[in-house]
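Under UniProt numbering, think of the first position of the sequence shown as 1, with each following residue one higher.
All residues carry an ideal CB built from backbone N, CA and C; glycine is no exception.
Bear in mind that the values here come from a model prediction, so they are computed numbers and not experimental data.
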Amino acid sequence: MNKCIKVILNKCINIDIKEAKKIIKNMSYLSCKASNKAIDMWKQHSLNIMELKSNDKNFNQKEYEQATYGKNYKNVIEGYMKEIMNICNTSNVSTLHQQQVQNDWKRLRKDVLNYRANLPTYKLDTPCYLKNNNYKLRNHNGYFVDISLFSMKGLEQIGQKKGYQLQFEIDKMDGNKKSTINKLINNGYKQGSAQLKISDKGKIELIMSFSFEAKESNLDENRILGIDLGIVNVATMAIWDGNTQEWDWVNYKHNILNGQELIRFRQKLFNMGMSEFEMQNEVYKQNQKIHQKQLNKHNIGAIDGLELVKYRDTIDKKKREMSIASKWVGEGRVGHGYKNRMKPLEKIRNKASNFADTFNHKYSKYIVEFAIRGNCGVIQMEDLSGATKNTHGKFLKDWSYYDLQTKIEYKAREVGIDVIYVKPQYTSKRCSKCGNIHTDNRDCKTNQAKFKCMNVTCGHEENADINASKNISIPYIDKIIEEYIKENDIYKNKK
């Protein structure tokens, strides 16, 4: 398992903190410059290779690179990056190339070369990458980290000798972060590479990756939690028990998680005359109580999207208003172009992004806990990689379903739960009772919440999201649907 942890570095031991920030900002600038050069070189090289291959069927890329450059082209690019970042530790430059530029190019290469995507552009806040052996954590009357940032040329410029490191004190951490840091210090976790950057608030952030062995699960692999992601309900869940060949009974009348209870609670505190700080503490405690109360009900199977929808609509409205208002800004924000005029809008965007991140963490945690309580060794979800291409995908596009699925997956794998993705076609059009697939089983235009089987011998009626989650929980459901489509000559692939 691979994870990351972010800490704030609040004090530099051997130089002034302002000077340390200047060094990091300068190295971020060099990282930005080198990364943009490298990604452009990858594109030009790939276009060149494509042309050579089209003219010669026996073309060998490795032989060509060796004859032309005397080495692998990857090393050529790293050489250029090291020239640009000549004051930076060379192994850190290699880590930047491998983990940022190369990964981005591998991911986007096909789309960029076929003009379906633009070449990535790296900005001034590009982080400084650190190889795993170029930083060391320690605990002595506080937590500290020693970081090797400089090459020999960089050390000469600042008048330091080989082995010089910047030493930082780590800011206050909660219990979970302290536990993780201690395990990294004591080799309980394997330390990976890290990123060093200056945040939007001007603080020094260190984001460290680490790995560990996932726990062996004692959960039943024959019990599958199916998750349907939707518009009204963010997630609807059903458990298929392969041992009994039936679904667990779930009471869906008491299974909604939304923000209304907390809003009412906060209003109550305000009416009592509490200060903002006191209200925040009480709301946090109440949130924990609500969460635990929901967990204690083993019959929870759906998560309401009301909280997210209302917040997203509020943010969208503010974004539209501020975007229009930016045309008539005061003199204080004129003269620096688009960036300065849109600062308030960017702040709103960050706020929305942070809310979505918190929302996804909250509900991914809940979903995995629900799976554990249900003794499910497997979680099945729809592969929604193409969801934003269809007409009903706007909500999922705005909401960042991919981020939620990613959080569910890594939290599940931490506790030994396997995660399987299935094709979404017809999962909401298929009757979970008789297996009949018909486009009229669910009418998304008039009443998308209702499912009614058109099979006259069945006529099964159920909430549409519940029906879909039941289908998704069935082992090999996509193959079952494919066989049904072939046998019954159904060609239109609609979810």
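Exercise. If you check the beta carbons only, do residue 497 and residue 423 fall under 7 Å apart?
Worked result: Since the displayed the chain opens at 1 and closes at 495, residue 497 lies outside it and no answer follows.
Exercise. Can you tell me whether DSSP reads residue 106 as helix, strand or coil?
Worked result: Position 106 of the sequence shown holds residue 106. Residue 106: helix per DSSP, three-state reduction.
For this session: Could you round the C-beta distance between residue 191 and residue 173 to whole angstroms and report it? I think they count as a contact, below 8 Å.
Result: As a working mapping, residue 191 is identified with position 191 in the sequence shown. As a working mapping, residue 173 is identified with position 173 in the sequence shown. No, residue 191 and residue 173 are not in contact; Cβ-Cβ is about 17 Å, not under 8 Å.
Exercise. Any idea which residues DSSP pairs residue 195 with across the strands?
Worked result: Reading the sequence shown from its first residue, position 195 is the one you call residue 195. Bridge partners of residue 195: 129, 207.
Exercise. The beta strand (DSSP E) spanning residue 220 covers which residue range?
Worked result: Residue mapping note: residue 220 aligns to position 220 of the sequence shown, counting from 1. From DSSP, the beta strand (DSSP E) with residue 220 extends over 220-229.
Problem set entry | Closest residue to residue 220 among 418, 132, 467, 414 (Cα-Cα distance) | For the purposes of this step, residue 220 is identified with residue 220 of the sequence shown, where counting begins at 1. Among 418, 132, 467, 414, the Cα nearest to that of residue 220 is on 418.
For this session: Identify the continuous beta strand (DSSP E) that holds residue 234 and give its terminal residues.
Result: To locate residue 234, count along the sequence shown from 1; it is residue 234. It spans 233-241 - the beta strand (DSSP E) in which residue 234 sits, taken as one unbroken run.
For this session: Pick out whichever of 226, 168, 402 has its Cα sitting closest to the Cα of residue 465.
Result: On the sequence shown, position 465 is the one that residue 465 refers to. Considering only alpha carbons, the answer is 226.
Exercise. Among 55, 73, 86, 475, which has the Cα closest to the Cα of residue 28?
Worked result: Translated into the one-based positions of the sequence shown, residue 28 becomes position 28. Of the candidates 55, 73, 86, 475, the one whose C-alpha sits nearest the C-alpha of residue 28 is 86.
Exercise. For the beta strand (DSSP E) that contains residue 93, what are its first and last residues?
Worked result: For the purposes of this step, residue 93 is taken as residue 93 along the sequence shown, with counting starting at 1. Careful: residue 93 lies outside any beta strand (DSSP E), inside the alpha helix (DSSP H) at 90-96.
Exercise. Just reading off the beta strand (DSSP E) that residue 3 is part of, what are its end residues?
Worked result: Stepping through the sequence shown from its first residue, residue 3 is reached at position 3. Start and end: 2-12.
For this session: Taking residue 499 as part of the beta strand (DSSP E), name the residues at either end of that continuous run.
Result: A query on residue 499 cannot be resolved here, the shown segment of the chain reaching from 1 to 495 and no further.
Problem set entry | DSSP state of residue 373 mapped onto helix, strand, coil | Within the sequence shown, numbered from 1, the residue matching residue 373 stands at position 373. DSSP places residue 373 in helix when its eight states are reduced to three.
Exercise. Can you check whether the CB of residue 235 is closer than 7 Å to the CB of residue 229?
Worked result: Counting from 1 along the sequence shown, the entry for residue 229 is found at position 229. Counting from 1 along the sequence shown, the entry for residue 235 is found at position 235. Their beta carbons are under 7 Å apart, which means residue 229 touches residue 235 by this criterion.
Exercise. Sorted by chain position, which residues of the same chain lie with C-beta nearer than 7 Å to residue 165's C-beta, five sequence neighbours on each side aside?
Worked result: Counted from its first residue, the sequence shown places residue 165 at position 165. Cβ neighbours of residue 165 beyond the five flanking positions: 146, 147, 148.
For this session: May I ask which residues mark the beginning and end of the alpha helix (DSSP H) holding residue 84?
Result: Translated into the one-based positions of the sequence shown, residue 84 becomes position 84. Counting along the chain, the alpha helix (DSSP H) containing residue 84 begins and ends at 73-84.
Exercise. For residue 421, which of helix, strand or coil comes out of DSSP?
Worked result: Working through the sequence shown from its first residue, we reach residue 421 at position 421. Here residue 421 sits in strand by DSSP.
Problem set entry | Cβ shell of residue 50 (< 8 Å), same chain only, five flanking positions each side left out | Indexing the sequence shown from 1 puts residue 50 at position 50. Same-chain partners within the cutoff: 113.
Problem set entry | Coarse secondary structure for residue 21, derived from DSSP in three states | Taking the sequence shown and counting its residues from 1, the one referred to as residue 21 is at position 21. Residue 21 falls in the helix class under three-state DSSP.
For this session: Consult DSSP for residue 487 and reduce its assignment to one of helix, strand or coil.
Result: As a position in the sequence shown, residue 487 is number 487, starting the count at 1. Three-state result, residue 487: helix.
Exercise. Rounded to whole angstroms, how far is the Cβ of residue 92 from the Cβ of residue 130, which I believe are closer than 8 Å?
Worked result: Within the sequence shown, the letter at position 92 stands for residue 92. Within the sequence shown, the letter at position 130 stands for residue 130. Right, their Cβ atoms sit about 6 Å apart.
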